[in-house]
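Which chain is which? The protein sequence lines are A and B, in order. Just so it is clear: in the first sequence, position 55 is 55 by the numbering used here, and no numbers are missing. Just so it is clear: in the second sequence, position 129 is 1129 by the numbering used here, and no numbers are missing. One structure is given below, encoded as structure tokens.
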Amino acid sequence: SGDSAPLNEAMAVLQHHDAVTGTARQNVVDDYARQLAAGWGPCEVLVSNALAQLSYNKQNFSFCRELNISICPVSQKSENFQVTIYNPLGRKVKHMVRLPVSEGIFFVKDPHGKTVPSNVVMLPSSYGKTSRWDLLFSASVPALGFSMYSVAKVTVRTPQASSLSGKSRKSR
Amino acid sequence: SHVLSIENEYIRATFNSDTGLLMMIENMEQTLSLPVKQGFFWYSANIGDEESSQASGAYIFRPKHSKPMPVSRWAEIHLVKTALVQEVHQNFSSWCSQVIRLYPGQRHLELEWMVGPIPMQYWGAGPVVFRRLTTRFRGEGGHQHDYRPTWKLNQTEPVAGNYYPVNTRIYISDGHMQLTVVTDRSQGGSSLKDGSLELMVHRRLLADDGRGVEEALIESGAASTVRGRHFVLLSSVSDAAARHRLLAEEVVLAPQVVLAQGGSPYYSWA
Chain A
1 SGDSAPLNEA
11 MAVLQHHDAV
21 TGTARQNVVD
31 DYARQLAAGW
41 GPCEVLVSNA
51 LAQLSYNKQN
61 FSFCRELNIS
71 ICPVSQKSEN
81 FQVTIYNPLG
91 RKVKHMVRLP
101 VSEGIFFVKD
111 PHGKTVPSNV
121 VMLPSSYGKT
131 SRWDLLFSAS
141 VPALGFSMYS
151 VAKVTVRTPQ
161 ASSLSGKSRK
171 SR
Chain B
1001 SHVLSIENEY
1011 IRATFNSDTG
1021 LLMMIENMEQ
1031 TLSLPVKQGF
1041 FWYSANIGDE
1051 ESSQASGAYI
1061 FRPKHSKPMP
1071 VSRWAEIHLV
1081 KTALVQEVHQ
1091 NFSSWCSQVI
1101 RLYPGQRHLE
1111 LEWMVGPIPM
1121 QYWGAGPVVF
1131 RRLTTRFRGE
1141 GGHQHDYRPT
1151 WKLNQTEPVA
1161 GNYYPVNTRI
1171 YISDGHMQLT
1181 VVTDRSQGGS
1191 SLKDGSLELM
1201 VHRRLLADDG
1211 RGVEEALIES
1221 GAASTVRGRH
1231 FVLLSSVSDA
1241 AARHRLLAEE
1251 VVLAPQVVLA
1261 QGGSPYYSWA
């Protein structure tokens, strides 16, 4: 069974300025991390239960704990994936979604199946190192609601295949 | 060109391509333009002096000198322009960089800063790093600077004594234009001089301030690098409050993004 109370209590402790601004001793910081981790586990179960009930489908949901460092295994490795954007504000917002992806071309579709403009940008900070790419698209989200966008990676043809198709087009 | 710029339908930011630094922000909707200098600086922390033995530490901000040092007087830049984003990536040093960004339809400039790990070959007890925006605005010597309306203040700390908690936003104005910076977290900030605005972003200190922690702020793990965002709005004073309130709402209650692999999941709309 899931439980959000331990995370709730850990977050309450972390309202202290020692946690907010980093004025704690190292052993206190370690204890903050311990309390957060202990609270997070039963909260994942709670969220899994809620998602299973919403989707009428009990399955093993995975949780990403690397969001804070711009790493996303789903968007970086999947050929197609869904992006759900929740808006907690009481008015409609336009939000530029920015996700780390692998190099390539992507098609993004809005909740009505219409293709929306998207760009893949190489991050200049990665020049000379392992290249990093971000996918950008603008999402429109209703007040206190959510929008679901689908993203599909276009399979890149090999140079040989490209040149062959180019030749055949030319001959026509 | 000696000048490069990023712009959308509302905002234009102009950079000096020789120094890589921001020169001007323009609100094209209201035909306002403001020359701006922007950079990162650091105060050297105090380990105690003849006036007081108090050192800078986790609780106490007490710089050794009032005049800060620039992290760099120029920035190496990369420009990225696509249909959906225009960005200038500024690299000030091996440990200090930022991206100045504009998306279509945005009425603000987004400044994403990244600082750390701060090297420790600095003088004194370590550096306190901050962002400073300097404009030509004239006022009364900075906001709440060395002044209290109901009593005579004897200001003994010219910098720290004028630093205040900034929870969501800080602004300066000349009565006609207003420059507002919305923060993504609580930070220390000040307007120490006319037209100047600064926000503390990071610190690494060798001394303890003797207030019970008994450990210096020398983070060596993942927290030694900090990344955050400042959102800069230039508008008329009469229009500023409506804009920074709406923007701060969007920053504090930002949309949450959730990903799922594969095709459409069978969520119930009910």
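Beta carbons are placed, not taken as given, at the ideal position from N, Cα and C, and that holds for glycine.
Can you tell me which residues form a DSSP beta bridge with residue i?
{"i": "Cys72/A", "result": "DSSP lists no partner for Cys72/A."}
{"i": "Asn1027/B", "result": "Ile1011/B and Leu1032/B"}
{"i": "Trp1113/B", "result": "Gln1098/B and Gly1228/B"}
{"i": "Met1069/B", "result": "Trp1042/B"}
{"i": "Ser1005/B", "result": "Thr1014/B"}
{"i": "Val1213/B", "result": "Beta-bridge pairing links Val1213/B to no other residue."}
{"i": "Gly1189/B", "result": "Tyr1164/B and Leu1199/B"}
{"i": "Lys1081/B", "result": "Gln1086/B"}
{"i": "Leu1206/B", "result": "Answer by DSSP bridge pairing: none, since Leu1206/B is not bridged."}
{"i": "Ser118/A", "result": "Phe137/A"}
{"i": "Ser1173/B", "result": "Gln1178/B"}
Report yes if the CB atom of residue i is closer than 8 Å to the CB atom of residue j, and no otherwise.
{"i": "Gly1020/B", "j": "Trp1074/B", "result": "yes"}
{"i": "Leu1259/B", "j": "Val45/A", "result": "no"}
{"i": "Tyr1147/B", "j": "Phe1061/B", "result": "no"}
{"i": "Val1088/B", "j": "Val1201/B", "result": "no"}
{"i": "Leu89/A", "j": "Leu1153/B", "result": "no"}
{"i": "Ser1196/B", "j": "Pro1117/B", "result": "no"}
{"i": "Arg1132/B", "j": "Glu1198/B", "result": "yes"}
{"i": "Arg1204/B", "j": "Pro1127/B", "result": "yes"}
{"i": "Lys92/A", "j": "Ser140/A", "result": "yes"}
{"i": "Asp1209/B", "j": "Gln1106/B", "result": "no"}
{"i": "Phe146/A", "j": "Asn49/A", "result": "no"}
{"i": "Val1237/B", "j": "Gly1175/B", "result": "yes"}
{"i": "Val47/A", "j": "Ser75/A", "result": "no"}
{"i": "Ser1066/B", "j": "Pro1158/B", "result": "yes"}
{"i": "Val116/A", "j": "Ser138/A", "result": "yes"}
{"i": "Ala1207/B", "j": "Leu1102/B", "result": "no"}
For the alpha helix (DSSP H) that residue i lies in, which residues bound it at each end?
{"i": "Asn27/A", "result": "Gln26 to Ser55"}
{"i": "Ser1238/B", "result": "Val1237 to Val1252"}
{"i": "Ala19/A", "result": "His17 to Thr21"}
The beta strand (DSSP E) with residue i in it runs from where to where?
{"i": "Pro6/A", "result": "Here Pro6/A belongs to no beta strand (DSSP E); instead the alpha helix (DSSP H) covers Ala5 to Val13."}
{"i": "Leu99/A", "result": "Val93 to Val101"}
{"i": "Lys109/A", "result": "Ile105 to Lys109"}
{"i": "Thr1183/B", "result": "Met1177 to Thr1183"}
{"i": "Gln1086/B", "result": "Gln1086 to Ser1093"}
{"i": "Asp134/A", "result": "Trp133 to Val141"}
{"i": "Val1159/B", "result": "That residue, Val1159/B, is in no beta strand (DSSP E); it is neither H nor E in DSSP."}
{"i": "Met1200/B", "result": "Ser1196 to Arg1203"}
{"i": "Phe146/A", "result": "Phe146 to Val154"}
{"i": "Thr1019/B", "result": "Element bounds for Thr1019/B: n/a, residue is neither H nor E."}
{"i": "Pro1127/B", "result": "Pro1127 to Thr1134"}
Considering Cα atoms alone, identify which of the options is closest to residue i.
{"i": "Leu7/A", "options": "Arg25/A, Val29/A and Leu36/A", "result": "Leu36/A"}
{"i": "Tyr32/A", "options": "Leu51/A, Leu99/A, Asp18/A and Gly41/A", "result": "Asp18/A"}
{"i": "Ala1125/B", "options": "Leu1199/B, Asn1008/B, Gly1188/B and Ile1218/B", "result": "Ile1218/B"}
{"i": "Asn119/A", "options": "Val151/A, Ala52/A and Asn60/A", "result": "Val151/A"}
{"i": "Gln1178/B", "options": "Ala1241/B, Val1099/B and Pro1117/B", "result": "Ala1241/B"}
{"i": "Ser1072/B", "options": "Tyr1059/B, Met1023/B and Gln1090/B", "result": "Gln1090/B"}
{"i": "Ile1011/B", "options": "Phe1231/B, Phe1040/B and Gln1054/B", "result": "Phe1231/B"}
{"i": "Val29/A", "options": "Ile1172/B, Glu1215/B and Val1257/B", "result": "Glu1215/B"}
{"i": "Phe81/A", "options": "Thr115/A, Ser147/A and Val108/A", "result": "Val108/A"}
{"i": "Glu1110/B", "options": "Gln1187/B, His1002/B and Thr1180/B", "result": "Thr1180/B"}
{"i": "Ala1083/B", "options": "Asn1008/B, Ser1097/B, Pro1063/B and Pro1127/B", "result": "Asn1008/B"}
{"i": "Met1120/B", "options": "Ser1044/B, Ser1097/B and Arg1169/B", "result": "Ser1044/B"}
{"i": "Val1080/B", "options": "Pro1165/B, Ile1047/B, Val1036/B and Ile1100/B", "result": "Ile1100/B"}
{"i": "Asn1046/B", "options": "Ala1160/B, Ser1017/B and Tyr1103/B", "result": "Ala1160/B"}
{"i": "Met1114/B", "options": "Pro1149/B, Val1226/B and Ala1248/B", "result": "Val1226/B"}
{"i": "Leu144/A", "options": "His1145/B, Glu1250/B, Ala1013/B and Phe1015/B", "result": "Glu1250/B"}
{"i": "Met96/A", "options": "Thr1168/B, Gln1098/B, Arg1229/B and Val1085/B", "result": "Val1085/B"}
{"i": "Tyr1171/B", "options": "Thr1031/B, Gln1155/B, Met1069/B and Arg1243/B", "result": "Arg1243/B"}
{"i": "Glu1255/B", "options": "Ile85/A, Phe106/A, Val101/A and Met148/A", "result": "The residue asked about is misnamed: residue 1255/B is Pro in this sequence, not Glu. Checking every option, the nearest Cα to that of Pro1255/B belongs to Ile85/A."}
{"i": "Leu1022/B", "options": "Leu1032/B, Tyr1103/B and Phe1040/B", "result": "Phe1040/B"}
Inset, instruction - Would you list, in chain order, the members of the segment 1078–1091 of chain B that have their beta-carbon closer than 7 Å to a beta-carbon of chain A? - result: Of all residues in the segment 1078–1091 of chain B, only His1078, Val1080, Thr1082, Ala1083, Leu1084, Val1085 and His1089 come within less than 7 Å of chain A when Cβ atoms are compared, listed by chain position.
Legend entry - Members of the segment 1178–1195 of chain B near chain A, C-beta cut-off 8 Å: Along the segment 1178–1195 of chain B, the positions whose C-beta sits under 8 Å from a C-beta of chain A are Ser1186, read in chain order.
Inset, instruction - Below 7 Å between beta carbons is the criterion; list the residues of the segment 88–116 of chain A that meet it against any residue of chain B, in chain order. - result: Result list: Pro88, Leu89, Val93, Lys94, His95, Met96 and Val97.
Inset, instruction - Could you run through the segment 129–142 of chain A and flag, in chain order, every residue whose CB is less than 8 Å away from some CB of chain B? - result: Those residues of the segment 129–142 of chain A that come within reach of chain B (Cβ to Cβ, closer than 8 Å) are Leu136, Phe137, Ser138, Ala139 and Val141.
Inset, instruction - Could you name the residues of the segment 1089–1111 of chain B whose beta carbon sits closer than 9 Å to any beta carbon of chain A, in the order they occur along the chain? - result: Only those residues of the segment 1089–1111 of chain B whose C-beta falls short of 9 Å from the nearest C-beta of chain A are listed: His1089, Asn1091, Ser1097, Val1099, Tyr1103, Pro1104, Gly1105 and Gln1106.
Inset, instruction - Using a Cβ-Cβ cut-off of less than 8 Å, list which residues of the segment 1056–1074 of chain B approach chain A; keep chain order. - result: Within the segment 1056–1074 of chain B, the residues whose Cβ lies closer than 8 Å to some Cβ of chain A are Ala1058 and Tyr1059, listed in chain order.
Legend entry - the segment 1199–1221 of chain B: positions lying closer than 8 Å to chain A by Cβ: Residues of the segment 1199–1221 of chain B with a Cβ closer than 8 Å to any Cβ of chain A, in chain order: Val1213, Glu1214, Glu1215, Leu1217 and Glu1219.
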